[in-house]
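K.L.:
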Amino acid sequence: MPSFLDLPPEIRLMIYDYSLNPNEYVKSYRKIVKTVALAATGPPLSQNPRLYVTRYTPPVLLLNKKIMAEALPVLYRKPLDLYGTPSTYFTMRQMDISEFISEHLLQQIQYSALRLYFPNKTFVLALLDIWGAGNQLIRLDVYLPEQAARNNRHWDIVESRLRTFSTMVPVEWHETVNSLKEN
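Under the UniProt record's numbering, the residues of the sequence shown are numbered 1 to 183, in order.
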């Protein structure tokens, strides 16, 4: 019986490209938003337990070490879209990005788009701490609302930190009407 490794490397690379998506974590965002919405109709939110997320590992990375070694560079080259993490309950802190995506993947990814509709200060500062410890970014695209919509202190802090980070990594700035949509 032929093995997956018997396929030509070019075909295996095409399969990796098709099967790996660094943006799978967004499904967990939707699950949390739905859970919080359902919990709002029940007892007081402060009585609900803290939400936890199970990270997703693409099955192709779990097959064996050789396949993982071939597939990881493909994953790292794929663009990662980052959105502010969802809020859980009013009484709890904003969730950390590393609850959804491993710090190792965040540090190895080569292209990323940071899409901010709100300042998400806690999210951005945690992300920059992870990238400050090490990153392989070739380019970061930052999508922000138009200047008129960014009129509070949180935006000033987020933009200042991102500008400082841009001394380490090339950052492309984009002002959009809705920074959550892909251009």
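All residues carry an ideal CB built from backbone N, CA and C; glycine is no exception.
Going by DSSP, what residue range makes up the alpha helix (DSSP H) through Leu127?
P.N.:
Within the sequence shown, residue 127 is the residue found at index 127, counting from 1. That run of the alpha helix (DSSP H) goes 121–133.
K.L.:
Is the Cβ-Cβ distance between Leu116 and Leu140 less than 7 Å?
P.N.:
The residue labelled residue 116 in the question sits at position 116 within the sequence shown. The residue labelled residue 140 in the question sits at position 140 within the sequence shown. No, the pair does not count as a contact, with Cβ atoms beyond the cut-off.
K.L.:
Determine the closest residue to Asn23 out of Leu106, Phe123, Gln147, Leu13, with distance taken between C-alpha atoms.
P.N.:
What you label residue 23 is simply residue 23 of the sequence shown in a count that begins at 1. Nearest of Leu106, Phe123, Gln147, Leu13 to Asn23, Cα basis: Leu106.
K.L.:
Under the assumption that Val60 contacts Tyr16 (Cβ atoms under 8 Å), give the Cβ distance between them as a whole number of angstroms.
P.N.:
Locating residue 60 in the sequence shown gives position 60, where the first residue counts as 1. Locating residue 16 in the sequence shown gives position 16, where the first residue counts as 1. Right, the Cβ-Cβ distance comes to about 6 Å (below 8 Å), so this counts as a contact.
K.L.:
How many angstroms separate the CA atom of Pro170 from the CA atom of Gly132?
P.N.:
Position 170 of the sequence shown holds residue 170. Position 132 of the sequence shown holds residue 132. If you take the alpha carbons of Pro170 and Gly132, they lie about 14 Å apart.
K.L.:
Out of curiosity, what's the CA-to-CA distance linking Ser3 and Thr176?
P.N.:
Counting from one through the sequence shown, the residue named residue 3 turns up at place 3. Counting from one through the sequence shown, the residue named residue 176 turns up at place 176. Between Ser3 and Thr176, the C-alpha separation is close to 48 Å.
K.L.:
When DSSP builds the beta bridges, which residues end up paired with Tyr111?
P.N.:
Indexing the sequence shown from 1 puts residue 111 at position 111. According to DSSP, which records beta bridges pairwise, Tyr111 is partnered with Arg139.
K.L.:
So Gly84 and Asn120 are supposed to be a Cβ contact under 8 Å. How far apart are they, rounded?
P.N.:
Sequence index remark: in the sequence shown, residue 84 carries index 84 (1-based). Sequence index remark: in the sequence shown, residue 120 carries index 120 (1-based). Contact flag correct, Cβ pair sits at about 3 Å.
K.L.:
In the DSSP output, what is Leu144 paired with across the bridge?
P.N.:
The residue you call residue 144 lines up with position 144 of the sequence shown. Paired residue(s): Glu175.
K.L.:
Skipping 5 residues on each side, what residues in its chain have a beta carbon closer than 8 Å to that of Glu146?
P.N.:
Start at 1 with the first residue of the sequence shown, and residue 146 comes out as number 146. Correct list, in chain order: Glu175, Thr176, Val177.
K.L.:
Tell me the DSSP bridge mates of Asp81?
P.N.:
Within the sequence shown, numbered from 1, the residue matching residue 81 stands at position 81. According to DSSP, which records beta bridges pairwise, Asp81 is partnered with Ala113.
K.L.:
Closest by CA to Lys27, which one among Pro86, Ser19, Arg77?
P.N.:
The sequence position of residue 27 within the sequence shown is 27, counting from 1. Answer by Cα proximity: Pro86.
K.L.:
Assuming Leu20 contacts Lys78 (C-beta within less than 8 Å), just tell me the rounded distance between them.
P.N.:
For the purposes of this step, residue 20 is identified with residue 20 of the sequence shown, where counting begins at 1. For the purposes of this step, residue 78 is identified with residue 78 of the sequence shown, where counting begins at 1. Contact holds; Cβ gap of about 6 Å.
K.L.:
Let me know the secondary structure DSSP gives Ile101 once reduced to three states.
P.N.:
Position 101 of the sequence shown, counted from the first residue, corresponds to residue 101. Ile101: coil per DSSP, three-state reduction.
K.L.:
Under the three-state reduction of DSSP, which class applies to Thr41: helix, strand or coil?
P.N.:
Counting from one through the sequence shown, the residue named residue 41 turns up at place 41. Looking at Thr41 - three-state DSSP - the assignment turns out to be coil, as it is neither helix nor strand.
K.L.:
Our contact map puts Ile157 next to Leu127 with C-beta atoms below 8 Å; I'd like the distance itself, whole angstroms only.
P.N.:
Looking up residue 157 in the sequence shown gives position 157. Looking up residue 127 in the sequence shown gives position 127. The pair is not a contact, with the Cβ atoms about 13 Å apart (cut-off 8 Å).
K.L.:
Since I believe Val74 is in contact with Leu13 (beta carbons under 8 Å), could you give me their beta-carbon distance rounded to a whole number of angstroms?
P.N.:
Residue numbering aside, residue 13 sits at position 13 when the sequence shown is read from its first letter. Residue numbering aside, residue 74 sits at position 74 when the sequence shown is read from its first letter. Contact flag correct, Cβ pair sits at about 6 Å.
K.L.:
Run through DSSP, which three-state label would Ser28 get?
P.N.:
Locating residue 28 in the sequence shown gives position 28, where the first residue counts as 1. In this structure, Ser28 counts as helix in the three-state DSSP scheme.
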